[in-house]
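First up is the structure itself, then whatever we jot down about it.
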Amino acid sequence: MASGNEPATDPAEGCARHIARAFVDYNAEFRSITRRAPLHFERRDWKTSQRDAVERIELYDRFVNRTIFELRAKLGAGALDRQLWARIRPHFAAQIAGLADEEFTKTFFSSITRRLFGTVGVAADIEFVATDLDPLAGIPSAAATVSYVNRGSLQLLLEDLLGDLPFRSPWRDFDNSVAHLTADISAHLHSIGEQRAVQKVEVIGPVFYQLTRAYIVGRIMGRKYLVPLVIALKNTDGGMLVDAVMLSEDQVSIVFSYTRSYFHVDLDRVAEAVVFLKSMLPLKPAGELFTVLGRAKQGKTERYRELMRHLEHASDRFVHAPGERGLVMVCFTLPSHDVVFKIIRDRFAYPKNILREDVVAKYQLVFKHDRAGRLVDAQEFKRLRFPKARFAPELLAELAAETASTVHVEGDDLIIDHLYIERRMTPLNLYLRTAASPAAQLAVLDYGQCIRDLAYTNIFAGDLLLKNFGVTRHGRVIFYDYDELCRVTDCHFRDLPQAIHPEDEMRDEAWFYVADNDVFPETFINFLGFDDTQREAFMRVHGEILGAEFWRHVQQRLNEGDVLEV
-8 MASGNEPATD PAEGCARHIA RAFVDYNAEF RSITRRAPLH FERRDWKTSQ RDAVERIELY
52 DRFVNRTIFE LRAKLGAGAL DRQLWARIRP HFAAQIAGLA DEEFTKTFFS SITRRLFGTV
112 GVAADIEFVA TDLDPLAGIP SAAATVSYVN RGSLQLLLED LLGDLPFRSP WRDFDNSVAH
172 LTADISAHLH SIGEQRAVQK VEVIGPVFYQ LTRAYIVGRI MGRKYLVPLV IALKNTDGGM
232 LVDAVMLSED QVSIVFSYTR SYFHVDLDRV AEAVVFLKSM LPLKPAGELF TVLGRAKQGK
292 TERYRELMRH LEHASDRFVH APGERGLVMV CFTLPSHDVV FKIIRDRFAY PKNILREDVV
352 AKYQLVFKHD RAGRLVDAQE FKRLRFPKAR FAPELLAELA AETASTVHVE GDDLIIDHLY
412 IERRMTPLNL YLRTAASPAA QLAVLDYGQC IRDLAYTNIF AGDLLLKNFG VTRHGRVIFY
472 DYDELCRVTD CHFRDLPQAI HPEDEMRDEA WFYVADNDVF PETFINFLGF DDTQREAFMR
532 VHGEILGAEF WRHVQQRLNE GDVLEV
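Sequential numbering from -8 applies to the sequence shown in the numbering used here.
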């Protein structure tokens, strides 16, 4: 506030400046946490890396809530003065003009007003409308990159690339890593029939970090061809090495998947990196790329914008999602759009014995947890407005009967107070019915690997029925039904007791005591709808996960503080 002979500051301008400063402070702290990733990688300090990942995820809500608290203290009753906020909005737009990632700054402003006013649908007078925000508009065609030109030897070019990495950790065998990289690139170019020499390699300057791995992200360029390039680096007891080389769109898409934990990469302009990645991954939605780069809120805004734009141009209606109906969620989709919407039911039928709060907590756990490429990133939305006419009658009937506390009719619109949006996949049980035998067997084996990967990251899926897993367009098996999910370290894995009397085996229920957290891995196979060939393949490769000893061993290592790598 002004003092002395200074003119009084316009409250709208002062509030706009306050919010702009809050975002700058948020962004500075976000980048400060991100910049700690190289040190964790060099020290192999995976526990601190995990804590930083959670701290950075929680940062956005912390700053939004703090800014709201400060504005309420500053404005008093005027904090809910809609006319004042209508004036704050253009002042804020002027304050941030020309800033990097300007659209994300507008999203921060909208988060504040939506939370402050409890906005339903869109309030164009006091927020920046998501459908008007295109974070890639006016962005140059590529991020700032470092180029390595081929001066006659691909191997020397790659030596320069790896030699420039800003690590103090020694290489375990630098020459071998260069040879590994050179051989993989040469073999890939040969496999796609490309005989022309590599002209240069462009890489995004900062290194990408994701828990125990570091990634060099770039592209290989030749005369009239472009090949994606992602190099995964591992830091072992004996030093650093090239762990894997991804050279196809499918491989790189999996690395930047909606099933992965967010990267820690210190980017001046996130949107430029998204444009660069889109040049290699044209099918990947921009919202998913913003999300996996750590800007989850901008990713949500972009997903909403994509959905609303799609609704404008599509004519199909929301219908039940393919697969068996769930006891906890009503799941529906728009056939022409590749996402699924999930709303928690008001009541859960037997045998579910959990509360709504438990379900929300499990989705929060997944949001902050290492998803290891096996858990879908479910984005939480509140108070969305849709045209009622866009819903199929049978879906409307179920929503009215099963989700009345969450879904309301307002005129010609349907108001949904709370829902989750996920990428759509083919339920594994449906996939196995229709896929050719080789593809089905691969999916069965990847299902077992999915269970292992989740276990190593301290996640037990709980309900291992095939309907709770999906198959992506890349053929990977992903878990997406979280209402029975829990930590491996919270379970009691038991061997199945041997029956003493023959009649014990004939009973419908267990003849021995079973506590809430008791798990009997030997029984898993009884609930899986595999045919004989699929069952034999599963048992051959993953038979040990049907024994309690496997789970107790993983549990012991997790309790001892080990970070088990996937």
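Positions of the beta carbon are idealized from the N, C-alpha and C atoms, including for glycine.
**Q.** Through-space distance from Asp329 to Val169, alpha-carbon basis
**A.** 40 angstroms
Q.
Between which residues of its own chain and Ala121 is the CB-CB distance below 6 angstroms, once the five residues before and five after are set aside?
A. Thr292, Tyr295 and Arg296
**Q.** Exposure label - Gly184; buried when at least 16 CB within 10 Å
**A.** exposed
Q) Roughly how far, in whole angstroms, is the beta-carbon of Val559 from the beta-carbon of Ile450, given that I think they are within contact range, below 8 angstroms? A) An answer regarding residue 559 cannot be provided, because it is not within the stretch -8 to 557 covered by the chain.
Q. Shortest alpha-carbon distance to Ser138 belongs to which of Thr104, Arg105 and Val208?
A. Val208
**Q.** Nearest-angstrom beta carbon gap, Leu476 and Gly453 [assumed within contact, 8 angstroms]
**A.** 5 angstroms
Q: Just confirm the distance between the C-beta atoms of Phe372 and Leu410, as a whole number of angstroms; I'd bet it's less than 8 angstroms.
A: 6 angstroms
Q | For Val140, the three-state DSSP class (helix, strand or coil) | A | strand
Q. Hey, how far is the Cα of Cys6 from the Cα of Thr58?
A. 10 angstroms
Q) Does DSSP put Asp553 in a helix, a strand or coil? A) coil
Q.
Quick check on Tyr401: does DSSP put it in helix, strand or coil?
A. Position check: residue 401 holds Glu in this sequence, whereas Tyr was assumed. Glu401: strand per DSSP, three-state reduction.
Q) Is the distance from the Cβ of Thr417 to the Cβ of Val462 below 8 angstroms? A) yes
Q: State the DSSP-derived secondary structure class of Met237, mapped to helix, strand or coil.
A: strand
Q) So who's on the other strand from Thr98, going by DSSP bridges? A) In DSSP, Thr98 forms no bridge with anything.
Q.
Helix, strand or coil for Ala135? Go by DSSP, reduced to three states.
A. coil
Q) Can you round the beta-carbon distance between Asp337 and Glu393 to whole angstroms, since I take them to be within the 8 angstroms contact cut? A) 6 angstroms
Q: Could you have a look at Glu(-3) and say whether DSSP puts it in helix, strand or coil?
A: With a pLDDT of 42 at Glu(-3), under the threshold of 50, the modelled position of this residue cannot be trusted, and the question is left open.
Q | Residue environment, Arg286, which counts as buried when at least 16 other CB atoms sit within 10 Å | A | buried
**Q.** Straight-line gap, Arg214 to Ser177 (C-alpha atoms, nearest Å)
**A.** 15 angstroms
Q. When the Cα atoms are used, what is the spatial distance from Gly466 to Asp437?
A. 9 angstroms
Q) Taking Gly520 as the reference, which of Glu193, Arg531, Arg548 and Leu421 has the closest Cα? A) Leu421
Q: Might you give, ordered along the chain, the residues of its own chain that have their beta carbon closer than 8 angstroms to the beta carbon of Asn(-4), omitting 5 neighbours on each side?
A: A caution first: Asn(-4) carries a pLDDT of 45, below 50, which makes its placement in the model unreliable, though a value can still be read off. Taken in chain order, the list of residues that qualify is empty.
**Q.** Sufficient close CB pairs (3 or more, under 8 angstroms) joining the stretch 216 to 236 to the stretch 185 to 201
**A.** yes
(Q) Which residue wins for smallest C-alpha separation from Val45, given the options Val398, Ala434, Phe21 and Ser182? (A) Phe21
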